[in-house]
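Novice: Just so you know, the sequence shown maps onto residues 1 to 220 in the UniProt record's numbering. Idealized CB from N, CA, C, for every residue including glycine. Computed from a predicted model, the values in this text were never measured in an experiment.
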Amino acid sequence: MAPITLYFLQSSRSIRTAWLLEELSLDYDLKFFDRQTNYLASKEARAAVGTPMGKFPTIKDGDEVIMESGAITQYLCEKYDKSARLIPSDPASRIKVLEWMHAAEATFMLHSLAIVYARWNYLKEAPPEGLAQMETGMSRNVENDFRWIEGELEKNPGGFLVGKEITAADIMMDFSVRFTLEMELGTKKGQWPKTEEWLKRCEECETYKKAVEKTGHRYS
Ligand SMILES: N[C@@H](CCC(=O)N[C@@H](CS)C(=O)NCC(=O)O)C(=O)O
Numbered sequence: 001m002a003p004i005t006l007y008f009l010q011s012s013r014s015i016r017t018a019w020l021l022e023e024l025s026l027d028y029d030l031k032f033f034d035r036q037t038n039y040l041a042s043k044e045a046r047a048a049v050g051t052p053m054g055k056f057p058t059i060k061d062g063d064e065v066i067m068e069s070g071a072i073t074q075y076l077c078e079k080y081d082k083s084a085r086l087i088p089s090d091p092a093s094r095i096k097v098l099e100w101m102h103a104a105e106a107t108f109m110l111h112s113l114a115i116v117y118a119r120w121n122y123l124k125e126a127p128p129e130g131l132a133q134m135e136t137g138m139s140r141n142v143e144n145d146f147r148w149i150e151g152e153l154e155k156n157p158g159g160f161l162v163g164k165e166i167t168a169a170d171i172m173m174d175f176s177v178r179f180t181l182e183m184e185l186g187t188k189k190g191q192w193p194k195t196e197e198w199l200k201r202c203e204e205c206e207t208y209k210k211a212v213e214k215t216g217h218r219y220s
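1. When the Cβ atoms of the segment 11 to 26 are set against those of the segment 50 to 63, are three or more pairs found closer than 8 angstroms?
2. Using a Cβ distance threshold of 8 angstroms, determine whether the segment 99 to 111 contacts the segment 128 to 136, with at least three qualifying pairs required.
3. So, under 8 angstroms CB-CB, M172 and M67 are touching, yes? Tell me the CB distance rounded to an integer number of Å.
4. Report the three-state DSSP secondary structure of M67 (helix, strand or coil).
5. Have a look at A84 and E78 and give me their C-alpha separation to the nearest angstrom.
6. For the pair the segment 191 to 208 and the segment 37 to 46, tell me if three or more CB-CB distances fall below 8 angstroms.
7. Quick one: grab the DSSP three-state call for I149.
8. Nearest CA to the CA of S69: which residue from K189, F8, P3?
9. In chain order, what residues of the same chain have a beta carbon less than 6 angstroms from the beta carbon of F32, not counting five sequence neighbours either side?
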């Protein structure tokens, strides 16, 4: 049995951790769960994870059980990335990587999920213009976020978010950006060519391909 177990929910942020484990060449056992038709994890899946939140990804490493993809990323890098390749030690790159790692959840997912929750919870009998107006208002944050990433990538042609090689910034951000584009959460008004090129570069990484192949991850 591998020392690390990854609790993986289909079509979820779990792909971040699978990709990271591949990038660190770590052996891991995969506990895979499908989504229910209501898109949520089943009661059994949530119970299997063994945390108060029952969310995915979660990992078990020996006696440690860790949730929150950002914390998992930081934990795995600090413990296993001895050359500090994915979260660099030089202060200027490190702070950039940390900014993106946190922005992946606290800015990008925050803004796009607001639109998802509005769509899920809008009253069926209410006029559709109400939802459209809310989406337009909430899209401003998403457009702003996408202008940020587009601008940063423009300054670093052919590269990744921080420098010319993959870092934990790409591993965290890739899911946030793909999820937002796939679900058309406020991104339709803009063109994001640099971001699309960067997503292609992520997809072409052997470790990303391996993670997708091993887990069967898909976006919908
Ligand atoms: N901020 C957390 C979010 C975790 C989260 O909400 N995961 C979703 C999948 S992307 C989940 O477990 N959903 C299943 C459910 O709520 O039933 C992280 O980055 O890990």
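Specialist: Result, derived from the coordinates:
1. With a cut-off of 8 angstroms, the segment 50 to 63 and the segment 11 to 26 count as touching, because enough Cβ pairs lie within range.
2. With fewer than three CB-CB distances shorter than 8 angstroms, the segment 99 to 111 does not count as touching the segment 128 to 136.
3. Here residue 172 corresponds to residue number 172 of the sequence shown, with the count starting at 1. Here residue 67 corresponds to residue number 67 of the sequence shown, with the count starting at 1. Not quite, the Cβ-Cβ distance comes to about 15 angstroms (not below 8 angstroms), so this is no contact.
4. Sequence index remark: in the sequence shown, residue 67 carries index 67 (1-based). The answer is strand: DSSP assigns M67 an E or B state.
5. Working through the sequence shown from its first residue, we reach residue 84 at position 84. Working through the sequence shown from its first residue, we reach residue 78 at position 78. Distance from the CA of A84 to the CA of E78, rounded to the nearest whole angstrom, comes to 8 angstroms.
6. A contact between stretches requires three or more CB pairs, one per stretch, nearer than 8 angstroms, and the segment 191 to 208 fails this requirement with the segment 37 to 46.
7. Reading the sequence shown from its first residue, position 149 is the one you call residue 149. Looking at I149 - three-state DSSP - the assignment turns out to be helix.
8. Within the sequence shown, the letter at position 69 stands for residue 69. The residue among K189, F8, P3 with its C-alpha nearest the C-alpha of S69 is F8.
9. Start at 1 with the first residue of the sequence shown, and residue 32 comes out as number 32. Cβ within range, chain order: F8.
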